[in-house]
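**Q**
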Amino acid sequence: MEINSPKTFETSDKAHADLFNEMVQTLLENDNGLLEQLTSHTQDMNLHASEEEKKKWNDSQIYKITADNGMQLINVSADSKIFDAIKDKGTCTFYAASGVEDSPSSSNISLRGMQIVGQNNIGSGFAVDIAGKAYSFYYNHGHTTITWTPLPSINDLNKWNGSQLIKITNDTGGVRVSVDAADSLLDKISETGKTFGTFYSVAGAKDNPSESSARGFYHFTSSDSNNKGTYGWVIAIDNKNNMFTNYLDLNLGWQGWRRNLSEADQQITWITPRLLNGWKQYSSSALPIRFGKNALGEVEINGAVRDGALGEVPVFVLPEGYRPKQSVYYVGVASSLGTSGIPQYHRTFITNDGRVCVQLSSNSANPTEFITFLIKFSTL
Numbered sequence: 051m052e053i054n055s056p057k058t059f060e061t062s063d064k065a066h067a068d069l070f071n072e073m074v075q076t077l078l079e080n081d082n083g084l085l086e087q088l089t090s091h092t093q094d095m096n097l098h099a100s101e102e103e104k105k106k107w108n109d110s111q112i113y114k115i116t117a118d119n120g121m122q123l124i125n126v127s128a129d130s131k132i133f134d135a136i137k138d139k140g141t142c143t144f145y146a147a148s149g150v151e152d153s154p155s156s157s158n159i160s161l162r163g164m165q166i167v168g169q170n171n172i173g174s175g176f177a178v179d180i181a182g183k184a185y186s187f188y189y190n191h192g193h194t195t196i197t198w199t200p201l202p203s204i205n206d207l208n209k210w211n212g213s214q215l216i217k218i219t220n221d222t223g224g225v226r227v228s229v230d231a232a233d234s235l236l237d238k239i240s241e242t243g244k245t246f247g248t249f250y251s252v253a254g255a256k257d258n259p260s261e262s263s264a265r266g267f268y269h270f271t272s273s274d275s276n277n278k279g280t281y282g283w284v285i286a287i288d289n290k291n292n293m294f295t296n297y298l299d300l301n302l303g304w305q306g307w308r309r310n311l312s313e314a315d316q317q318i319t320w321i322t323p324r325l326l327n328g329w330k331q332y333s334s335s336a337l338p339i340r341f342g343k344n345a346l347g348e349v350e351i352n353g354a355v356r357d358g359a360l361g362e363v364p365v366f367v368l369p370e371g372y373r374p375k376q377s378v379y380y381v382g383v384a385s386s387l388g389t390s391g392i393p394q395y396h397r398t399f400i401t402n403d404g405r406v407c408v409q410l411s412s413n414s415a416n417p418t419e420f421i422t423f424l425i426k427f428s429t430l
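Using the numbering used here, the first residue of the sequence shown is number 51, and each one after it goes up by one.
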């Protein structure tokens with residue numbers, strides 16, 4: 051803009067003409083001064099916001115999340131509830147004093163947090179108390195309080211990272227490996243590789259330690275390139291409460307099942323045989339004739355008989371499972387009656403088909419008046 055200078059006023063009355071021209075000059079100077087200030091103001095960017103700045107301000111956070119000083123927007127006093135203070139608010143920060151009723155922290159600990167809201171009466175967020183414990187929370191339509199969930203701490207993470215990370219059971223506490231009748235127990239567990247685990251094998255499964263079903267543990271400490279166990283052990287307990295162990299050596303293979311014996315295995319269930327060929331119990335109360343087998347497969351025969359026939363005819367016959375692998379001889383005490391007190395003996399033969407035969411007696415006067423047994427042999 052340019053301000054034009056007016057022409058000088060001329061008249062015969064010079065005094066009035068000069069007075070008028072001085073007034074016009076003053077107005078002209080004022081106009082020029084105003085023009086300079088206006089031009090300076092227009093060109094001064096410090097005094098004017100650009101369109102870019104206006105857009106930035108218009109796009110900025112209009113709704114306050116914090117107070118003007120940067121602290122929390124909402125303060126919850128001890129006699130108030132966090133839920134009541136924030137449920138009708140949008141996204142915001144808050145402070146809850148110690149003792150607030152619906153705080154997840156102890157009554158003597160305050161906390162600070164933030165909520166995010168996407169819809170009315172639906173919010174979620176997090177809070178951290180002054181003890182360093184963190185929590186997430188949420189509330190929904192119709193809720194009357196906040197639902198808090200503690201977040202893991204460093205101590206929690208260290209505890210979990212230091213725990214058993216390899217699964218020993220399945221997710222419901224059952225076994226990790228199930229072995230069907232068509233499977234090999236030893237193959238199935240070794241295929242799990244370098245690990246520790248549990249198993250169940252049905253009765254009749256290949257490589258079972260017994261004829262019954264079994265449950266147990268296994269542990270392989272090394273594996274081959276196919277992740278198949280090469281060194282390790284397995285412990286199995288069948289449904290009759292018998293315990294078995296086996297060991298795998300890469301160079302030797304599986305060493306074979308070995309049964310662990312207990313005090314119960316030392317107990318013998320005694321059986322009274324059916325006597326044959328005229329033989330009778332010598333005394334059913336003092337020396338009853340009987341036989342039994344322990345867990346090692348050892349058969350014991352004890353007691354005394356009388357009055358039967360000597361030779362290859364049996365006193366009684368042992369059932370299958372109680373017979374020696376090969377025939378055995380036994381020399382025992384016979385009656386001394388009629389021999390002036392001289393000790394006498396008898397020879398008994400036990401065949402692998404179970405026949406127990408008193409072949410001869412040294413007492414010719416009373417050969418079968420008293421025949422004793424204290425015999426022990428293995429069936430394995």
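C-beta: ideal position from N, C-alpha, C; glycine also.
1. What is the C-beta distance between I196 and I132, in whole angstroms, given that I count them as a contact (C-beta under 8 Å)?
2. What's the gap between the Cα of Q331 and the Cα of E370?
3. Along the chain, where does the alpha helix (DSSP H) containing W107 start, and where does it finish?
4. Would you give the residue range spanned by the alpha helix (DSSP H) that A135 belongs to?
5. I need the straight-line Cα distance from L326 to H396, nearest angstrom please.
6. Note down the Cα distance separating T143 from N119, rounded to an integer number of angstroms.
7. Could you work out which residue in G163, K238 and A128 is closest to M121 when comparing CA atoms only?
8. Give the C-beta separation of A264 and A286 to the nearest angstrom, bearing in mind that I take them to be a contact with Cβ-Cβ under 8 Å.
9. Residue range of the alpha helix (DSSP H) that D206 falls in?
10. Among N80, N205, W283 and G254, which one has its Cα closest to the Cα of G303?
11. Judging by CA-CA distance, which residue of Y189, S155 and H193 is the nearest neighbour of A177?
12. Could you check the C-alpha separation between F246 and N170 for me, to the nearest Å?
13. Per DSSP, what kind of secondary structure is T401 in: helix, strand or coil?
14. Rounded to whole angstroms, what is the Cα-Cα separation between S262 and G223?
15. Do you know how far the Cα of D206 is from the Cα of S127?
16. Starting from L215, trace the beta strand (DSSP E) both ways and give me its first and last residue.
17. Once the 5 residues before and after Q409 are set aside, which same chain residues still bring their CB inside 6 Å of it?
18. Using CA atoms only, rank isn't needed, just tell me which of G266, E151, D299 and F267 is closest to D274.
19. Among residues of its own chain, excluding the 5 on either side of H269, which ones have a beta-carbon nearer than 7 Å to its beta-carbon?
20. Could you have a look at K238 and say whether DSSP puts it in helix, strand or coil?
21. Using 9 Å as the threshold, is the C-beta distance between P323 and F267 below it?
22. Shortest alpha-carbon distance to I421 belongs to which of F427, A147 and A384?
23. Span of the beta strand (DSSP E) holding E261?
24. Quick one: what's got a C-beta closer than 7 Å to L201's C-beta in the same chain, skipping five residues either side?
25. Would you list the one or two residues that DSSP bridges to P200?
26. Which same chain residues end up closer than 8 Å to T271 when comparing Cβ atoms and leaving out the 5 residues on each side of it in sequence?
27. Would you decide whether Y145 is buried or exposed? Buried here means 16 or more other CB atoms lie within 10 Å of its CB.
28. Determine, using beta carbons only, whether Q316 and N344 come nearer to each other than 9 Å.
29. With the cut-off set at 9 Å, would you say S234 and Y250 are in Cβ contact?
30. Do you know how far the Cα of A253 is from the Cα of I351?
31. Exposed or buried, A181, counting other C-beta atoms within 10 Å across all chains shown (16 or more means buried)?
**A** Looking at the coordinates:
1. At roughly 6 Å, the Cβ-Cβ gap stays under 8 Å, so I196 and I132 are in contact.
2. Rounded to the nearest angstrom, the two C-alpha atoms are 23 Å apart.
3. According to the DSSP assignment, W107 belongs to the alpha helix (DSSP H) that extends over E101 to N108.
4. In the DSSP assignment, A135 falls within the alpha helix (DSSP H) that extends over I132 to I136.
5. Rounded to the nearest angstrom, the two C-alpha atoms are 18 Å apart.
6. Computed Cα separation, rounded: 13 Å.
7. Ranking G163, K238 and A128 by Cα distance to M121 puts G163 first.
8. Confirmed, Cβ separation roughly 4 Å.
9. Where D206 is concerned, the enclosing alpha helix (DSSP H) stretches over I204 to N211.
10. When each option's Cα is compared against that of G303, the closest is W283.
11. With distances taken between Cα atoms, A177 lies closest to S155.
12. Distance between the alpha carbons of F246 and N170: 52 Å.
13. Note: T401 maps to coil in three-state DSSP.
14. Roughly 22 Å separates the two Cα atoms.
15. Roughly 31 Å between the two C-alpha positions.
16. Counted as a single uninterrupted DSSP element, the stretch harbouring L215 is not any beta strand (DSSP E), since DSSP gives it neither H nor E.
17. Within the same chain, R397 and F399 come within 6 Å of Q409 by CB-CB distance, once the 5 residues on both sides are set aside.
18. In this structure, D299 is the residue among G266, E151, D299 and F267 with its C-alpha nearest to the C-alpha of D274.
19. Excluding five sequence positions before and after H269, the CB atoms of its chain that fall closer than 7 Å to its own CB belong to F246, G282 and W283, given in chain order.
20. If DSSP states are grouped into helix, strand and coil, K238 belongs with the helices.
21. In this structure, P323 sits away from F267, with a CB-CB distance that is not shorter than 9 Å.
22. It is A384.
23. Run containing E261: none; DSSP gives neither H nor E here.
24. Around L201: A184, Y185 and S186.
25. As DSSP reads the structure, P200 sits in a beta bridge with Y185.
26. Correct list, in chain order: K244, Y281 and G282.
27. Counting Cβ neighbours within 10 Å, Y145 comes out buried, since at least 16 surround it.
28. Their beta carbons are under 9 Å apart, which means Q316 touches N344 by this criterion.
29. Pairing S234 with Y250 gives a Cβ-Cβ distance that is not under 9 Å.
30. For the pair I351 and A253, the Cα-to-Cα distance works out to about 33 Å.
31. Under this definition A181 is an exposed residue.
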